[in-house]
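Chemist:
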Amino acid sequence: MMYLKRLVVKSSIIILLITFWSCNSLNYKMRKNEKNTERIANKIFLKNKNVFIISHSIANYSYVFTYLNNNEIEWTKIVNGRIDNTQKVKTMVNLNDFQEVFFEDYIECEAWDYSYLNLKFYSDKKLIDYSFSIDPNCFIKSESRNDFLKNIKVDIENYKKVDNSLYY
Numbered sequence: 001m002m003y004l005k006r007l008v009v010k011s012s013i014i015i016l017l018i019t020f021w022s023c024n025s026l027n028y029k030m031r032k033n034e035k036n037t038e039r040i041a042n043k044i045f046l047k048n049k050n051v052f053i054i055s056h057s058i059a060n061y062s063y064v065f066t067y068l069n070n071n072e073i074e075w076t077k078i079v080n081g082r083i084d085n086t087q088k089v090k091t092m093v094n095l096n097d098f099q100e101v102f103f104e105d106y107i108e109c110e111a112w113d114y115s116y117l118n119l120k121f122y123s124d125k126k127l128i129d130y131s132f133s134i135d136p137n138c139f140i141k142s143e144s145r146n147d148f149l150k151n152i153k154v155d156i157e158n159y160k161k162v163d164n165s166l167y168y
């Protein structure tokens with residue numbers, strides 16, 4: 001009987017250590033991904049003067065996109081803090097067309113799971129740098145009240161046709 005109690009205690013300790021180790025490993029991967037996503041996004045911003053991030057902080061992946069010219073977006077998928085792939089997709093958006101930018105569309109889609117959308121670009125020589133805690137599915141499906149976000153949503157939907165893992 002005493003042997004059985006010791007076995008149960010030892011097994012419980014081993015299970016507890018394994019759980020603790022796997023949680024720490026996942027947290028490390030998420031922090032690494034967040035840190036490297038920011039680093040990659042900053043490089044892209046310096047090069048193209050605009051960058052957008054869709055990220056899930058409780059996951060080990062994120063997406064960074066940038067408008068290259070008047071008809072192309074470059075999407076970068078980051079997994080475990082490394083660039084997984086880069087793809088170019090056609091667009092109809094010209095960031096220079098938007099003089100006033102309003103961000104009301106995100107309010108109804110606030111999320112508490114650490115998903116977010118970060119927008120960083122220049123509008124009329126003024127730096128716009130906003131980060132929103134949003135549910136990507138809700139954001140895409142919500143009705144847009146301004147042309148800027150409406151066009152961003154269309155571009156996100158177009159990329160989702162290429163890479164269905166964009167959001168859940």
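Here the sequence shown stands for residues 1 to 168, numbered as in the working numbering.
Note that the Cβ used here is the ideal one computed from N, Cα and C, for glycine as well.
1) According to DSSP, what are the bridge partners of R173?
2) Taking the alpha-carbon of E38 as reference, which of R82, L68, N69 and Y67 has the nearest alpha-carbon?
3) Assuming T76 and T91 form a contact by the criterion Cβ under 8 angstroms, report the distance between their Cβ atoms to the nearest whole angstrom.
4) Report the rounded CA-to-CA distance for F148 versus D155, giving the unit in angstroms.
5) Anyone know if the C-beta pair for F139 and C109 falls short of 7 angstroms?
6) To the nearest angstrom, report how far apart K160 and K125 are at their CA atoms.
7) Is E34 buried or exposed, if buried means 16 or more other CB atoms sit within 10 Å of its CB?
8) Please tell me whether N80 and K29 are closer than 7 angstroms, where the distance is taken between their beta carbons.
9) L46 bridges to which residues according to DSSP?
10) Excluding the five sequence neighbours on either side, which residues of its own chain have a C-beta within less than 7 angstroms of the C-beta of N60, listed in chain order?
11) Given this structure, state the Cα-to-Cα distance separating I134 from D113, to the nearest angstrom.
Modeler: Judging by the given coordinates:
1) Limits of the chain in this structure are 1 at one end and 168 at the other, which puts residue 173 out of reach.
2) R82
3) Their Cβ separation, rounded to whole angstroms, is 15 angstroms, which puts T76 and T91 out of contact at 8 angstroms.
4) Linking F148 to D155 through their CA atoms gives a straight-line distance of about 11 angstroms.
5) yes
6) Taking the straight line joining both Cα atoms gives about 30 angstroms.
7) buried
8) yes
9) Answer by DSSP bridge pairing: none, since L46 is not bridged.
10) In the same chain as N60, and ignoring 5 residues on each side of it, the C-beta atoms closer than 7 angstroms to its own belong to K29, M30, N33, V79 and N80, in chain order.
11) C-alpha separation (whole angstroms): 9 angstroms.
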